[in-house]
Ligand code: FEO
């Protein structure tokens, strides 16, 4: 049985994951407006991943006999100065999400809620990966500055990204 406070914080995380989904869709829309199909694809796939994260929290709360709740989600920023700007903001956002996951983990540890500790471990690893991906892209895009040819090459590379959910929902 999860505590009321833990259920409240897990529900709060659904909101942040859905916000992340919308944020990355907004970034995809910006990239589409710049005719960068690969970057658009990258952010659309990222949005799908965020939906998957939100659903993991949703399903977990229900599995633990809690009440999942959906609350209002703030509108994301829609205007960006460049693709580098989108990745800098995405990286900053992922650092914020990591702090949220750590806060949840701290709470689960404090309450000795071992099932939730185990559940959250997947997200700790996932955040490490996401921060690394976005940080890597910031570095790459900073290096190429205004080189259009290099930007097109990265765009072609990102067109290959596909969403592949883990085989089971509990992993
Ligand atoms: Fe669901 Fe990008 O963290």
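In my numbering, the protein residues as written are 30 to 200.
Glycine included, C-beta positions come from ideal geometry on N, C-alpha and C.
Here the structure is a predicted model, which is why all the values come from computation and not from measurement.
The three-state secondary structure of residue 156, taken from DSSP, is helix.
The C-alpha of residue 56 lies about 11 Å from the C-alpha of residue 110. When the alpha-carbon of residue 108 is set against those of 52, 165 and 175, the nearest one is in 52. For the pair residue 156 and residue 173, the Cα-to-Cα distance works out to about 26 Å.
One thing to note: residue 103 has its Cβ no nearer than 9 Å to the Cβ of residue 118. Here the C-alpha atom of residue 178 lies approximately 23 Å from the C-alpha atom of residue 73.
Between residue 128 and residue 134, the alpha-carbon positions lie close to 10 Å from each other.
Boundaries for residue 140: no alpha helix (DSSP H) harbours it, and the DSSP string shows neither H nor E there. Residue environment analysis places residue 71 among the buried positions, since at least 16 neighbouring C-beta atoms fall within 10 angstroms of its C-beta. Ordered by chain, the residues meeting the criterion of a beta-carbon within less than 6 Å of a non-hydrogen atom of the ligand FEO are 46, 49, 79, 82, 123, 126 and 159. Around the CB of residue 85, 16 or more other CB atoms lie within 10 Å, so the residue is classed as buried.
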